[in-house]
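Start counting the sequence shown at 7; every next residue gets the next number (our numbering).
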Amino acid sequence: MSVVHLLYTLVMLAVAVALSPWFVYQALRYRKYVGSLAERMGRLPVSLNLDGDPSIWIHAVSVGETLAARTLIDGLRERYPDLRLFLSTTTMTGRQVARGRLQDVDGLFFFPFDLPFVIARTLRIVRPKLFIMVETELWPNLLRACARTGVKTVLVNGRISARSYPRYRLVRSFFRGVLAGVDRFCMQGDESARRIVQIGAPADRVVVTGNLKFDALEPALPADRGAGRVLRYFRVPAQRPVFIAASTLKGEEAPVLAAFAALRRQQPDALLIMAPRKPERFPEAAALSRAEGLRVVRRTDLAVDAEPRADVVILDTIGELAHLLQLATVVFVGGSLVAQGGHNILEPAVHGKPIVFGPHMDNFAEIAAEFVDRQAAIQVRGPEQLPAVIVRLFGDGVERARIGAAARALIDENRGACARTLEAIARVLPPPGRRGVVRPFRRA
Numbered sequence: 007m008s009v010v011h012l013l014y015t016l017v018m019l020a021v022a023v024a025l026s027p028w029f030v031y032q033a034l035r036y037r038k039y040v041g042s043l044a045e046r047m048g049r050l051p052v053s054l055n056l057d058g059d060p061s062i063w064i065h066a067v068s069v070g071e072t073l074a075a076r077t078l079i080d081g082l083r084e085r086y087p088d089l090r091l092f093l094s095t096t097t098m099t100g101r102q103v104a105r106g107r108l109q110d111v112d113g114l115f116f117f118p119f120d121l122p123f124v125i126a127r128t129l130r131i132v133r134p135k136l137f138i139m140v141e142t143e144l145w146p147n148l149l150r151a152c153a154r155t156g157v158k159t160v161l162v163n164g165r166i167s168a169r170s171y172p173r174y175r176l177v178r179s180f181f182r183g184v185l186a187g188v189d190r191f192c193m194q195g196d197e198s199a200r201r202i203v204q205i206g207a208p209a210d211r212v213v214v215t216g217n218l219k220f221d222a223l224e225p226a227l228p229a230d231r232g233a234g235r236v237l238r239y240f241r242v243p244a245q246r247p248v249f250i251a252a253s254t255l256k257g258e259e260a261p262v263l264a265a266f267a268a269l270r271r272q273q274p275d276a277l278l279i280m281a282p283r284k285p286e287r288f289p290e291a292a293a294l295s296r297a298e299g300l301r302v303v304r305r306t307d308l309a310v311d312a313e314p315r316a317d318v319v320i321l322d323t324i325g326e327l328a329h330l331l332q333l334a335t336v337v338f339v340g341g342s343l344v345a346q347g348g349h350n351i352l353e354p355a356v357h358g359k360p361i362v363f364g365p366h367m368d369n370f371a372e373i374a375a376e377f378v379d380r381q382a383a384i385q386v387r388g389p390e391q392l393p394a395v396i397v398r399l400f401g402d403g404v405e406r407a408r409i410g411a412a413a414r415a416l417i418d419e420n421r422g423a424c425a426r427t428l429e430a431i432a433r434v435l436p437p438p439g440r441r442g443v444v445r446p447f448r449r450a
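Take a look at the structure:
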């Protein structure tokens, strides 16, 4: 082990010790991490890969990455029929979505801590020939172990946000060595490709394949089994206005409620469906709504086959938001009024819904800019603008239809990343009788 990797490992151990009280608190207060610690320590059940078969290991941090990874599953099955497919997640919500939507994988487990002895245990059971990391999951000890044992590594749907780029630049001398062990970088766009080269990725291994999340999107129609089950709790008349606030973070519910209050002065029967990003914040969101004098109910308390008799529904379930977007009149996407980098705007777009988001979209900067440039979404400068924009959209059906149609058109125009990514993977781990061409990234 190099001195740099040793220092990194010691820092990881120190951080783990320092954060252990926080993990204990989260486990006791919110039941997080309970039952997952063994897997995170590399102690996977032997039954995961009882016969020690070679595999492809895909890592997706949370919900968005899991849905992006889903687009590759069928293609990987077709190209590598002799390899098992395993998927790891970091978050519990990612694991729950994977269980519900990725039935075709051979096994699920929690991503291990990036410590050499933990990684070694995991690799012994998973036995990957190929490790695929979704978006920007660069774990030095894991990548080093893969390079040392001959495991091919590919970054897919890669992105380097404007917010994270300066931090990577500060430690690029270290990351140059980390990135040297990755066999292929499949980046979402030219800007992310430039950034990863500038922090040390070999330019001849970087390709621009597009965003897998465009390919992952299909509108969840009422006839779909999952959507139909969820919609039975939301028998909302077609004429009732529905405002969905998706993936809100702390500090965003108050502006959303202010916008909803302004809307109710114009349309008193409006319904707000608010979906906090983090499950532990469900009670807080409900309390804030009640403090405004609103009738509030949690989704898990709704009656089946009935209209919600409330002003606000707190969506306290995992995996249902995508099904409910088809009910929306207007969608606000959270994580964007506070400096947290924003959240994915593509799911409401595929339903042709008018989308509103705030100024902080660093994590989706290229997509957000394209939507705004094409007048396929509205970006507000801050919380104070939100009420006026929401009231205007709810009062103007023509504008809503125009924005929604432009958003859906953008989705359709940007499909194709899955095929390009699979071809890039084939260059690294050639399946029998298959060749492909992807567009290489070239620095200007």
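Ideal placement from N, C-alpha and C gives every residue a C-beta, glycine not left out.
All figures in this text were calculated on a predicted structure; none of them were measured in a lab.
Same chain only: Cβ atoms within 7 Å of residue i, ignoring 5 sequence neighbours per side
i, result
"R212", "The sequence given here places Val at residue 212; Arg does not occur at that position. Within the same chain, V212 has close Cβ partners F191, M193, A199, I202, V203 and F447."
"P261", "L343, P389 and L392"
"G459", "The first residue shown for the chain is 7 and the last is 450, placing residue 459 beyond what the model contains."
"A229", "Here the model assigns A229 a pLDDT of 46, short of 50, so the residue's position is not dependable, and the following value carries that caveat. Around A229: no qualifying Cβ."
"R380", "A412 and L416"
"V378", "Q385"
"T128", "G48, L50 and P118"
"L82", "I62 and L91"
"T77", "L218, D221, A222 and C424"
"L327", "A252, A281 and L321"
Residue range of the unbroken alpha helix (DSSP H) whose run includes residue i
i, result
"I166", "Careful: I166 lies outside any alpha helix (DSSP H) and carries neither H nor E."
"L43", "L43 to R46"
"K219", "L218 to A222"
"V378", "A371 to D379"
"V404", "G403 to E419"
"V69", "V69 to R85"
Nearest neighbour of residue i, chosen from the options [CA to CA]
i, options, result
"Q273", "A292, D317, A291 and A293", "D317"
"L148", "T142, R387 and F137", "F137"
"M18", "L121, L73, F363 and P27", "L121"
"L330", "E372, P289 and A281", "A281"
"I205", "L176, G195 and L218", "L176"
"A186", "A168, A207, S167 and I79", "A207"
"L54", "L399, I166 and I131", "I131"
"A244", "R287, L428 and T335", "T335"
"R49", "A66, T306, D57 and A126", "A126"
"R46", "R83, T97, V9 and A153", "T97"
"A75", "S42, W63, F377 and S26", "W63"
"Q109", "L43, V337 and I79", "I79"
"V188", "V162, R408 and I166", "V162"
"N350", "L73, T128 and R433", "L73"
"R169", "H11, A293, V9 and E372", "E372"
"R433", "T99, E326, R178 and D210", "D210"
"R246", "G234, I279, E259 and V140", "I279"
"H11", "A264, V21, D57 and G183", "G183"
Cβ shell of residue i (< 6 Å), same chain only, five flanking positions each side left out
i, result
"L255", "R283, G340, G341, V344 and Q346"
"R367", "Contrary to the premise, residue 367 reads as Met rather than Arg in this sequence. Excluding positions up to five away in sequence, the list reads S342, G348 and A374."
"D322", "F288, R304, R305 and T306"
"S295", "V302 and V318"
"R270", "A276"
"F338", "A251 and V362"
"P2", "The structure shown does not extend to residue 2, since the chain spans only 7 to 450, so no value can be given for it."
"S94", "H65, F115 and F117"
"L435", "L136 and K158"
"A355", "A413 and I417"
"L263", "E298"
Residue range of the beta strand (DSSP E) that includes residue i
i, result
"G156", "Here G156 belongs to no beta strand (DSSP E), and DSSP marks it neither H nor E."
"P60", "Taken as a continuous stretch (DSSP letters only), P60 belongs to no beta strand (DSSP E), as it is neither H nor E."
"A252", "V248 to T254"
"R426", "First-last for R426: A423 to V434, but that is the alpha helix (DSSP H), not the beta strand (DSSP E)."
"L277", "L277 to P282"
"I396", "Taken as a continuous stretch (DSSP letters only), I396 belongs to no beta strand (DSSP E), being part of the alpha helix (DSSP H) at L392 to F400."
"G113", "G113 to F116"
"L93", "R90 to T95"
"M193", "R190 to M193"
"I205", "Neither: I205 is in no beta strand (DSSP E) and is coded neither H nor E."
"V184", "Where V184 is concerned, there is no enclosing beta strand (DSSP E), although the alpha helix (DSSP H) it sits in stretches over R178 to L185."
"V242", "Looking at the DSSP string, V242 is not in any beta strand (DSSP E), and its letter there is neither H nor E."
"V214", "V212 to V214"
Contacting residues, own chain, Cβ-Cβ under 8 Å from residue i (five flanking each side not counted)
i, result
"V242", "V248, L277, E313, P314 and L333"
"A309", "Y239"
"A153", "T159 and G187"
Residue-chain proximity (residue i, chain D), Cβ-Cβ < 9 Å
i, result
"A383", "Absence of chain D from the displayed structure is noted, only one protein chain being present."
Inter-residue CB distance, residue i and residue j (contact presumed, cutoff 8 Å)
i, j, result
"R85", "P437", "4 Å"
"K135", "P60", "5 Å"
"Y171", "F181", "Actually they are not in contact, since the Cβ atoms of Y171 and F181 sit about 12 Å apart, beyond 8 Å."
"K219", "L352", "5 Å"
"I324", "V103", "7 Å"
Problem - Contained beta strand (DSSP E) runs [length at least 3] in the segment 266–351, N- to C-terminal order - result: Entirely contained in the segment 266–351, the beta strand (DSSP E) runs reaching 3 residues are, in chain order, 277–282, 302–304, 318–320 and 336–339.
Problem - Length-filtered (3 minimum) beta strand (DSSP E) runs lying within the segment 118–143 - result: With a minimum length of 3 residues, the continuous beta strand (DSSP E) runs that stay inside the segment 118–143 are 134–140.
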